[in-house]
Each structure stands twice: as C-alpha cells, then as structure tokens.
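Sequence lines, in order, name chains A and B. In our numbering, each residue carries its 1-based index in the first sequence increased by 1. In our numbering, each residue carries its 1-based index in the second sequence increased by 29.
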Amino acid sequence: MTYHTLTWLAWLCAAAFAALVNSQPLQTVLLILTVGTVFTVASKASTGGESSGAGRHTAAGWGTFLRLGLWVWAVATIFNLLFAHAGRVILFTLPRNWPLIGGPITLEALLYGLSNGASLFAVLLVFATFNLALDSHRLLRWLPSGLFQAGLVVSIALSFIPQLMSSFQEIREAQRVRGHQFRGLRDWIPLFVPLITTALERSLTLAESMEARGFGGIAPQSSEAGRTASSRSLATPLTIVGLVALLTGLLMRAIVSQALTVTTILLFGGTIALLAALYVQGRGFQRSHYRFEAWRPGDTYVAALSLASLVALGLIQWRAPSLLYYYPYPPSSPWPGFSPWVGLATSLLAAPILWWQRDTRQPNRLAPDHVEQVPQGLP
Amino acid sequence: MTERTIAELQSVTFTYPDSQRPALDRLTIDIREGEFLLVVGPSGCGKSTLLRTLNGLVPHFSGGRFSGQVRVAGKDPVAAGPHEMSTLVGLVQQDPESQFVVDTVEDELAFGMENQGIAPAVMRGRVEEVLQQLGIVHLRKRRISALSAGEKQRVAIGSVLTLRPRLLVLDEPTSQLDPRSADEVLSTLRCLNADLGLTVICSEHRLERVVPYADRILYLSDLGARPVLGPPEQVLMGMPYSPPLTQLAKAFDWRPVPTTVEEAEPFRSRLGPLPKAYVAHQTLVGSPAPVVLQVQGLYHSYNSNGTFKDMTSAALKGIDFQARQGELIALMGRNGSGKTTLLKHLVGLITPQMGSVLVHGMDTSRTQLDELIRHVGYVPQDPGSLLFADSVREELEFTRKAHRLPPADTNQWLNQLGLSRLGDRYPRSLSVGERQRAALAAILVAEPDTLLLDEPTRGLDPLEKQTLARFLKAQTASGRTVILVTHDTELAAECAGRIVIMSEGRIVVDAPPAEAMAEAPAFATQVARLFDSGLLTVSDVLEAYAHAD
Chain A
2 MTYHTLTWLA WLCAAAFAAL VNSQPLQTVL LILTVGTVFT VASKASTGGE
52 SSGAGRHTAA GWGTFLRLGL WVWAVATIFN LLFAHAGRVI LFTLPRNWPL
102 IGGPITLEAL LYGLSNGASL FAVLLVFATF NLALDSHRLL RWLPSGLFQA
152 GLVVSIALSF IPQLMSSFQE IREAQRVRGH QFRGLRDWIP LFVPLITTAL
202 ERSLTLAESM EARGFGGIAP QSSEAGRTAS SRSLATPLTI VGLVALLTGL
252 LMRAIVSQAL TVTTILLFGG TIALLAALYV QGRGFQRSHY RFEAWRPGDT
302 YVAALSLASL VALGLIQWRA PSLLYYYPYP PSSPWPGFSP WVGLATSLLA
352 APILWWQRDT RQPNRLAPDH VEQVPQGLP
Chain B
30 MTERTIAELQ SVTFTYPDSQ RPALDRLTID IREGEFLLVV GPSGCGKSTL
80 LRTLNGLVPH FSGGRFSGQV RVAGKDPVAA GPHEMSTLVG LVQQDPESQF
130 VVDTVEDELA FGMENQGIAP AVMRGRVEEV LQQLGIVHLR KRRISALSAG
180 EKQRVAIGSV LTLRPRLLVL DEPTSQLDPR SADEVLSTLR CLNADLGLTV
230 ICSEHRLERV VPYADRILYL SDLGARPVLG PPEQVLMGMP YSPPLTQLAK
280 AFDWRPVPTT VEEAEPFRSR LGPLPKAYVA HQTLVGSPAP VVLQVQGLYH
330 SYNSNGTFKD MTSAALKGID FQARQGELIA LMGRNGSGKT TLLKHLVGLI
380 TPQMGSVLVH GMDTSRTQLD ELIRHVGYVP QDPGSLLFAD SVREELEFTR
430 KAHRLPPADT NQWLNQLGLS RLGDRYPRSL SVGERQRAAL AAILVAEPDT
480 LLLDEPTRGL DPLEKQTLAR FLKAQTASGR TVILVTHDTE LAAECAGRIV
530 IMSEGRIVVD APPAEAMAEA PAFATQVARL FDSGLLTVSD VLEAYAHAD
C-alpha cells in the first residue's frame, strides 16, 4: 500500500487529463515515460510487499494489458499510414489500383498515426497504473454512501471473474471427458448452461450470506429515524431538479451556443443538486469502515504536485491550446513541437515515486495496531 | 446449562413459491439458551429451511407462504427481517467458497460490523478477539482464496461471530471437509459453545461426527411424521438410520446408548473376545484379475515446466499405483493432497510431466482423449457441471451421441439408479442426491470399463449413501472397475476393497480397508476404532458375533 486513496484520485485526474488533452507526440512520449516509471515502481511494490502470489498476479495481469496496448498502438499507426494518403513528404507510392491502400504513403500519415497511437497508449497506461497502485476495495469507501452498494456489487462482480474462469475449466473438462467435442457454436450449450446456472446458484448463496450479515439494511436508530426519513424524502426532488438542469444545460450547449452564462449555471447547478441528492440519500446508511488510511506528508506533496500539474495544463489548454494540439498535415508543419511548460507540468506526474520508497519500508502502514482513530459520523 | 428458551417456533408452516408441499409443516420446537442442537433428517426434510427461519431469510429472502409464530432472542424474525436479526443470529453456509465478500481474512471479519456502523476502535478489538477464539490469528492478513477449506470454514464462522450473535446457526458446515479439518471445525464449535455459552444449531448428515458434541437432537422426517426433539440417545434410537455405535447399541442392547468410542469401550469389553472361527474379510483366492490402470513414477506440478527442482510445490510426487479389473478403490486424504490431480491423470485430462499412466494398456500421453474415454467414465465433484439438458433422459441420450454410440435403452440405467420416475424431469430441479444419480447415469450409459467418481457423497443423506454404496458394489461385481475419491470413511469401509490414502502428493497407505484404517486412524470408522481386530462396519460386527452363537 502506498498513498492515500484521495492522493491517488488526484493523481488519476491530473494524469488522465494530461493524456486526454495533449496530442503533441514528444509531450506524449514524455508522459508515457513519466507514468511508466510510476507503473514500474507500483508493480515492484505490489510484488515485493505481498507474501502470497496474488500481488504478483495483479502486476503480471496489468503487464499483459499493457502489451496489448502496444499492439493497439502499432495497429493504429499502420492503419493511418496505409489509409491516409494526405501530406507533402511522400515516402513511397503504392500502385494506384490497389483498393484503399493504393496511393502515396506519407511521412505525415506515419507521424499522425504514431502520435494518435501514443495518446491511446498513454490513457491505457494511466488507468493500468492507477488500478495497480490502488485496490478497488479501498476506492469503495470514498464513494458517496448512496453509491456504496452499487460500488460493492461491481467489485464483487469483478472478483467473480476468476471463479467463473475456474468453473468454466471444470465444466469444459467434465463435458469433454463425457465424449463431447466443442466445434460449432451449438456445441457450447452444454458448457454455458451449467456455467450460468452454477454461477447463479453461487451468487444466491453469496447474497444470502451478505444479507444475513446485515448488508444493505438501514440500522434504525429511533432518535434519528424521523430525520433520516425526512432527509431521504428530500433526495427525490433534488435528483429530479438536478437531472432536469443538467439535461437542459447540455441541450442548450448543443443547440444555442450563445447563452453561455445560463448554460454554465445550469450545468454547475445540476451537478451540485445531484451530488447533494447522493449525499442526502447516503445519510440513511450507517456504515463504518474498518480500514483506516493515514494522510502522510507524502500525500500532501503528491496531491499538491498532481493538482499543480492539472491546473497548469488546464491553464495552457485555456490560454494556449495550440501547445497541446498536433496536426501534421498541410498547411501545418509535420514537425512536432515541444513546450517546456507542458513538459514541466507533465513531469510533475512522477511525484508518486519520490515519497514511495520511504513508505515501502513500513509495510504495515494500514495495520490497525498503528492507528488510533476517533470514530466519526456514528450514532 | 440454563433451561431458558432462546428461540421458539410455534406451529410454523412454510411453503416455497412454486411448490405445493410445505417445507415446514406445523413445526413447534423450542431451543434452549446455551445448548448445542443438532438438526438431522433426510435431504429435503426442511433442515435448511428451519435454519433460515431463525434469522428471517425465510420468508424474507425466499418468498413463499409463511404462517405461525417465531421468536428468536426476544424478536420476531419475520417482522424484523434478516438485517435486524444479523446481530442476534449468525448463519454459516455449507459451501465455504461462495460466502465471502472481500478478499482478505481481516476485512471479511469486519464486513458485518461495517454494515452495522460499529465504531472502528470497537471493530479492531472484536476482530482480534475472534481471531484468537478461532485460532486463526496467523491468517489475519492472508487472502481468503489462498486458504484451505477448513481454514475458510473457520473464517466464515468468524465473519458472523464478530457481530456477537447469541445463536450460531450452521448449515452442514463440514460436508466438504476431510475428516481432520471437520474435527477441527467441530471442536472449535464445541469450544465456542462451552466457553462462551453460545447457542449452536447445526445441521449435518454425517451423524457419527457430530453426535458426540450435541446436547439435543432434532429429527425432521420428510413424510409428515412428527419431528422428534430430545437427548441424543433417545432420538437416535427412534431414527430409521443412525450412527454405527447406536446400531450396535440397538443390536446388543447397550444402555445408556454410547455416542463416543470411549463411552462404548466398556460395552465392547463385555462382549468378550472375538470368536476364533471368524476371519474378517476373506480374500478370494484365484488368478488375479488383469491390471486395467497402471501408474508409474508419476510427478506433476501445476507451476513447473517439467523440471522438478523445487519438489515442495509439486502436486504429485512419485505415484506408483495400479488397479485391477473389478476392484473398488477408495482414494482418501486431506484436501489438497493430490487426489483430484491423480484422478485427472487416470482419465487423460492431464498427461504425465514425468512418469507414465497406462489406461487399459494405452499410454495416456500417446493416446487421443477420445480413445481413452471410451474406457473411462468420470463423474466430477459437482454433478451440476454435467447437467444442461431439458430432461434426465436427454442427458443420457446426449452422452450416447457424444460417444458416437448407437441409441440404447436408457430406461435400464434409469431403473437401476432409481430414476425411472424422474426421466422426464428437468435435471436442475432435482434434489442433490437425485442430481448425483442423474450424473452417474449420464456417464454410465456409455458403458465405460472404469468409473471414476470425485466426492460422490456431498450432500447425500445416509440412506442415499447406502444406496450408492450398494450400486457401486454391484457395478464391480459385473466387472467394472470403480475408483472413488471420498472423505467418507463409513462409505469407504462399506464398499471399498482397497483404500489408498494420499498425503502431500504421495501415497502413504495402499491396503485393504482393515489394514489401511489400522494404519491411519484419522480415516478409520467408529467400529474400526472400537474393535481393533479388522472389523469395520456394523454388519462385520454382527456377522462376527453371530458366529459365536
């Protein structure tokens, strides 16, 4: 375990923003190198820290995911190279009568393909790093309480996948030994019917077990019952108002591009109303958390640097968007630019590696014995 | 023990949705505070339904029609619902695999408390306490997926104990455990019951295991007869099937009825020495049957590529084993000792990394799977893995077709396995025992020479088990070889001609049942532990002493 969940969330926002707004290839390469370093450190930490093989497993899993990402990059490049015939610098020409790919193959097309693939890969890398560094269960507790249940369901569904894979294997073997051969599409029925029914039976057991341990219930506190009821009745109108405002705002943005202030107010107001509805809804659920996360000085630094990067790139995007935008085809120049300001903002994203090393020497930073905490938000 | 009532049911009738027959019929019982109550009865008698009534899952989760009065620890579960009951009643399910929500032991123990909004400081204290009570402190940070079945079941118990329930309710908690893990879990329960005064209510099929721990037994029969609730001796004597010691007590009129081997010891010595004339389990002398399965120097590792430098992690470490035609061999051992891996080698699902496996003279690493499965049938642990068709009969026809065999008379197999009335039923709607038999029929219909079964007795009640034992014995009489992976010592004693015990990837015992059970007491039946002269089952004893008269 490394940083506080909120720190990682701040980092994710900044890194994802950087990956999404920037298309200048040199800057993208810098971003990939920066985030790649964080990924390497994260995978080292997750393999070294854990005694069981599970950590190694996760790291290997995301490694495979990224190898897949490299293929995506390569395919995107080749695709653009062969199909976009625009540009002045011609590398070679394919016979005109070849369908689609025939014609001049240009340097611009190669550069554009490479840069697009790089942007795509950068996005994948950011999410892989985030997932590797942060366990999904830690993320859950920061969801608004109203969304907690939905979040838990998603996280259980994810953990069902390995179980499903192993029963898939079992059933396939059992049917195979029964003489069945899997050739056509219809041959898969003897596999999928048992797979689905087994999974359903298992999930019913799990549901019972969760229900028997009080999941999803509202512990009724007699003194608070009234307040809870009244605040929950507030949730519905808030949700409706919020949704209407948000939808009107989006429509106005799409259709009438003039009334900017009104649109902005509607969009902002709608979002706030929805968040408030979630908060009000969530007050009905009394839930505490066993895991406690400490906020360390390292968290402050990393979060601050991530936010600085986010703000800097946001300002650049607002005042000088051309620094982030890459278009190699004429009339622009095919040569990518590099802005030191963007470079600086990007390299701030390496912040997690700076305070990480010190932390890994205290593997038990989340262990309850080290923590004294005042219960909060409890009856 | 106090005589205060902690739970009572009055004239409770419950019918599941889509069902005509009530699962509970005007049931009236009381449960005393601090007692260890064992709930027994044939499958489908309503044991699980009763247990789920105590915390309101029935009727809240199940739906259905409910009438009657229930009071548990001063509350009405029907009115309160499972959420509110969760702090009073802890429910542990049969399958340790499918009841976990999060990945680590500690988090799982805290899950119930988080739902209740219990303060973090209190949670830490309770997690600590429960880890110690169950003797699993060392597992605290472990991932649940990496635990053994016995450890998982103890974590499941812990995950409900942290809510400090007043009743602990367990639905067949040991049915998937090997004898030793089962004993560990049961003695944990006994400690909780004795030291903390926790009321324990537990259903179980393998009576001989649990009876010694029980204060009272509730016997539910499925045929609408009145349920019987009382002290173990009394209830056991009135049941149609009972553990070996009770059967002996009935036969020799032992009073009071012993429930443990120690208690039975004085009665046995009164029986006098074994009559000389009797020779246990005579072996037929004759030319030995041909060898059909031959395993030599077999090694297997799930994470190796054929080099066995690191032997500690190997699943099989040098197996030598053979089976002759018509033999019935019970393959036993703790969970994870390599039994299933060996079985998969015998059917060709895994080919040897080192060593060799010959099936009916064919080397499995050089023979097509289709050729092998003409001779070997395999019934997996979960019969549900096989069943997918719309009727039992179609399952049988499907197997014939898959083996490219001409259509055959399926009725013959349905009759033999007592499924004649169920031929047109949807396989998934059958009871556990019926499903098991349907799967067995679906494999046998291809008429394999060798039959491999992986844990066929999961969830079967004693009568169903006896039927299965008789059926398998009849199969070997007609020349079929049967290999059975099982945790059930009574079943092994009943039908096996040879017992093979595995431990950590090695065969440690390979002998006729009497010798095997003498060598590995953990896998011995009650009778074998009581009489150390080669007697294994009640019928052995009765036969031996009949010679005396």
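No residue lacks a Cβ here, since even glycine has one placed at the ideal position from N, Cα and C. Keep in mind that this is a model prediction, so the values were computed, not measured.
Best match in the options for proximity to residue i [C-alpha to C-alpha]
| i | options | result |
| --- | --- | --- |
| S391 (chain B) | B:M383, B:Q382, B:V405 | Note that residue 391 (chain B) is Met in the sequence shown here, rather than Ser. Selected option, being the one with the closest Cα: B:V405. |
| I512 (chain B) | B:H374, B:R535, B:S460, B:A547 | B:H374 |
| Y330 (chain A) | A:V39, A:A87, A:G62 | A:A87 |
| F149 (chain A) | A:S289, A:A85, A:L355, A:S234 | A:S289 |
| L382 (chain A) | A:L121, A:L101, A:P100, A:T94 | Since the displayed chain A opens at 2 and closes at 380, residue 382 (chain A) lies outside it and no answer follows. |
| E158 (chain B) | B:P106, B:A178, B:T191 | B:T191 |
| V321 (chain B) | B:D478, B:Q98, B:E291 | B:D478 |
| A468 (chain B) | A:L267, A:A175, A:I256 | A:A175 |
| L274 (chain B) | B:L559, B:Y574, B:V99 | B:L559 |
| P332 (chain A) | A:R89, A:L350, A:G185 | A:R89 |
| G462 (chain B) | B:S449, B:P412, B:F350 | B:P412 |
| V570 (chain B) | B:P302, B:F350, B:S458, B:V514 | B:P302 |
| A243 (chain B) | B:L473, B:E64, B:R466 | B:E64 |
| T496 (chain B) | B:L446, B:G508, B:T34 | B:L446 |
| S579 (chain B) | B:E356, B:G326, B:Q397, B:S366 | For chain B, the structure presents residues 30 to 578; residue 579 (chain B) sits outside this window and is missing. |
Range of the contiguous alpha helix (DSSP H) that encloses residue i
| i | result |
| --- | --- |
| I190 (chain A) | 190 to 213 |
| Y328 (chain B) | Y328 (chain B) -> not in any alpha helix (DSSP H); beta strand (DSSP E) instead, spanning 320 to 329. |
| E400 (chain B) | 398 to 401 |
| F140 (chain B) | 134 to 145 |
| I165 (chain B) | Unbroken run through I165 (chain B): none, as it is neither H nor E. |
| G179 (chain B) | 178 to 190 |
Extent of the continuous beta strand (DSSP E) run through residue i
| i | result |
| --- | --- |
| T42 (chain B) | 34 to 44 |
| A352 (chain B) | 345 to 353 |
| F65 (chain B) | 65 to 69 |
| I358 (chain B) | 357 to 362 |
| V537 (chain B) | 535 to 540 |
| T57 (chain B) | 53 to 61 |
| M383 (chain B) | 383 to 388 |
| L199 (chain B) | 196 to 200 |
| G119 (chain B) | 118 to 121 |
| Y407 (chain B) | 405 to 408 |
### Message
Count Cβ pairs between the segment 119 to 137 of chain B and the segment 183 to 203 of chain B that sit closer than 8 Å; are there 3 or more?
### Response
yes
### Query
So does the segment 543 to 560 of chain B actually touch the segment 506 to 526 of chain B, counting three or more Cβ pairs closer than 8 Å?
yes
#### Entry: Whole runs of the alpha helix (DSSP H) within the segment 122 to 178 of chain A, excluding any shorter than 4 residues
137 to 141, 146 to 178
### Message
Which residues of the segment 71 to 96 of chain B have a Cβ closer than 7 Å to any Cβ of chain A? Give them in chain order.
### Response
N84, L86, F90
### Query
Can you list, in chain order, the stretches of the alpha helix (DSSP H) that have 4 or more residues and sit fully within the segment 72 to 97 of chain B?
76 to 82, 86 to 89
### Query
When Cβ atoms are compared, which residues of the segment 135 to 153 of chain B fall closer than 9 Å to chain A?
E135, D136, L138, A139, F140, G141, M142, E143, N144, Q145, G146, I147, A148, P149, A150, V151, M152, R153
### Task
Within the segment 443 to 526 of chain B, note down every full beta strand (DSSP E) run reaching 3 residues or more, in order along the chain.
479 to 483, 510 to 514
### Task
Take every Cβ of the segment 20 to 39 of chain A, pair it with every Cβ of the segment 102 to 121 of chain A, and state whether three or more of those distances are shorter than 8 Å.
yes
### Task
Anything in the segment 171 to 184 of chain A with a Cβ closer than 8 Å to a Cβ of chain B? List those residues in chain order, please.
E171, I172, E174, A175, Q176, R177, V178, R179, G180, H181, Q182
### Interface positions of the segment 102 to 132 of chain B facing chain A (Cβ-Cβ less than 9 Å), listed along the chain
G110, P111, H112, E113, M114, S115, T116, V118, G119, L120, V121, Q122, Q123, D124, E126, S127, Q128, F129, V130, V131, D132
### Task
Count the C-beta pairs between the segment 531 to 545 of chain B and the segment 292 to 307 of chain B that are closer than 8 Å, then say yes if the count reaches three, no if not.
no
### Query
Between the segment 425 to 432 of chain B and the segment 491 to 508 of chain B, are three or more C-beta pairs nearer than 8 Å?
no
### Query
Taking any Cβ of chain B, which residues in the segment 192 to 209 of chain A have a Cβ under 7 Å from it, in chain order?
V194, P195, T198, T199, R203, T206, L207, E209
### Query
Between the segment 83 to 94 of chain B and the segment 45 to 54 of chain B, do at least 3 Cβ pairs fall closer than 8 Å?
yes
### Task
Check whether the segment 117 to 127 of chain B touches the segment 194 to 206 of chain B, counting contact only when three or more Cβ pairs, one atom from each stretch, lie closer than 8 Å.
yes
### Message
What ranges does the alpha helix (DSSP H) occupy inside the segment 205 to 261 of chain B, keeping only unbroken runs of at least 4 residues that lie completely in it?
### Response
208 to 225, 236 to 239
### Task
Ignoring anything shorter than 3 residues or poking outside the segment 39 to 116 of chain A, list the beta strand (DSSP E) runs there in chain order.
91 to 95, 104 to 107
### Query
Going along the segment 412 to 427 of chain B in order, which residues come within less than 7 Å of chain A, judged by CB to CB distance?
G413, S414, L415, L416, F417
### Query
Got a sec: which bits of the segment 441 to 466 of chain B sit with their beta carbon under 7 Å from any beta carbon on chain A, in order along the chain?
R457
### Task
Could you tell me whether the segment 63 to 71 of chain A touches the segment 129 to 140 of chain A, where touching means 3 or more Cβ pairs closer than 8 Å?
yes
### Contact set between the segment 463 to 487 of chain B and chain A, restricted to residues whose Cβ is under 8 Å from the partner
A471, I472, A475
### Cβ pair count under 8 Å reaching 3, the segment 415 to 422 of chain B against the segment 445 to 459 of chain B
yes
### Message
Which residues of the segment 269 to 300 of chain A have a Cβ closer than 9 Å to any Cβ of chain B? Give them in chain order.
### Response
F286, Q287, R288, S289, H290, Y291, R292, F293
### Message
Short of 9 Å Cβ to Cβ, which residues in the segment 355 to 388 of chain B face chain A?
### Response
K373, V376, G377, L378
### Message
Can you pull out the residues from the segment 148 to 161 of chain A whose beta carbon lies closer than 9 Å to at least one beta carbon of chain B?
### Response
L153, S156, I157, S160
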